[in-house]
Every structure is written in C-alpha cells, then in structure tokens.
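S.K.: I have a structure I would like to understand better, so I am pasting it below and will then ask my questions one at a time.
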Amino acid sequence: AKGKIRIQKDLAGQGATSRVTGAYFADGTQHLDYDTFQEHIAPSTTSDFAFKGALRDTARVVWRGMIRVEEGAQKTNAYQENRNLLLSKTATANSIPGLEILANDVRCTHGATLSPVDREQLFYLMARGLPRSEAERLIVRGFFQDVLDRIELLPVREALGAALEARIPQA
C-alpha cells in the first residue's frame, strides 16, 4: 500500500503561528511519502512541525520538509523535525529536511533521526524481568509519547494513542 501526504502552511499574517504534529506506524510493504512545507511570508511568524514514525517489516517512509522564509519575514521562528524508529532490519526511512532562508533576522532549525530500538534500553528492561516483546512495546510507546503530549485535545490524543498502540507488535 502506498500513501502520499502533503502539508503546506503559509504564514502570511504578521504574528501568525502554526503547529503541526504527525505520527505514523508503517508495516508490511507500506510506502508512505510525506512532504511538509512551512512558508513564512510575514514578519514575526512561528511554525513548529514534529513528525515521528515507527517502521517494521519492509515498510518504507520518505519525509521531505522545507522551511522557506521570505525576505520580508524578519523575526521568524521555525522548527521542523522527523524522528524514525526502525523495528526491523529491512524497514527504511529517508528524512530530507531543508531550509531556504531569504531574511537575515530569523531562528530556524531542523532535525532528523533514524535509529533502531536502543539495545541498552532493551537490556535494562529485560534485566528487570520483562520479556523482550513487552520491553520493545514500552520503548515504542515511550518513543511516541512526546508527540502525543503535543496534542491538546484529549479525545484526539487518546484516539491517536490507541491507533498507534494497536499497531505495536503484540507478545
């Protein structure tokens, strides 16, 4: 199964703010393709994009993020991040963050990570009696917790948390 998502936020009014949070869990042969675009047109604008995903089996995710700050968009504050947790050796994730800054008084940062389950965390939990599968479940839950915490509407946070929980491999 393939999926393509494009999210574009144009911050055209002075002081405009945009906060976007995303989470995904890809498995099987899924191929997900995300394009995010934060365009700062007016001064004193703020954008904050955070996407996290877990992948297993032969799933593939490509995330492209672009922050563009126009010449007149001084005092812009922009952030984008994409974090991926690989749950199998055959899953792949590509993160391509980008900055295009035409103004000179801005604060723009981006980050991207790609990592397997931390072996030390796994060892720690297993040394305390948890089976490997339950230890991995706890690590995956913890990985997603900060993006869930960003969601202010409790029913939405709970629904997304339940959807992610259902995708975590069972013991």
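My numbering numbers the first residue of the sequence shown as 247 and each following residue consecutively.
Think of the CB as a built atom: it goes at the ideal place given N, C-alpha and C, for glycine as much as any other residue.
1) What residues match up with Ile-414 in a beta bridge as DSSP calls it?
2) Taking C-beta to C-beta, are Tyr-270 and Ser-293 nearer than 9 Å?
3) Hey, is the segment 254-264 in contact with the segment 393-401, meaning 3+ C-beta pairs nearer than 8 Å?
4) Got a sec, what are the start and stop residues for the alpha helix (DSSP H) Ser-379 sits in?
5) Determine whether the beta carbon atoms of Phe-295 and Val-315 lie at a separation below 9 Å.
6) Applying the 10 Å Cβ sphere with the 16-neighbour rule, what's the burial state of Thr-291?
7) Entirely within the segment 322-369 and at least 3 residues each: give me those beta strand (DSSP E) ranges in chain order.
8) Going by DSSP, which residues form a beta bridge with Asp-303?
M.R.: Reading off the structure:
1) Locating residue 414 in the sequence shown gives position 168, counting from the first residue. Bridge partners of Ile-414: none, in fact.
2) Against the sequence shown, residue 270 aligns to sequence position 24. Against the sequence shown, residue 293 aligns to sequence position 47. No; because the gap between Cβ atoms is not below 9 Å, this pair is not in contact.
3) The segment 254-264 vs the segment 393-401: no contact.
4) By 1-based counting over the sequence shown, the position of residue 379 is 133. In the DSSP assignment, Ser-379 falls within the unbroken alpha helix (DSSP H) covering 378-395.
5) Taking the first residue of the sequence shown as position 1, residue 295 is located at position 49. Taking the first residue of the sequence shown as position 1, residue 315 is located at position 69. For Phe-295 and Val-315, no; Cβs fall outside 9 Å.
6) For the purposes of this step, residue 291 is taken as the residue at position 45 of the sequence shown. Its Cβ being crowded by 16 or more others within 10 Å, Thr-291 is buried.
7) As far as the segment 322-369 is concerned, its whole beta strand (DSSP E) runs of at least 3 residues are 322-332, 338-347, 352-362.
8) Counted from its first residue, the sequence shown places residue 303 at position 57. Its beta-bridge partners do not exist; DSSP assigns none.
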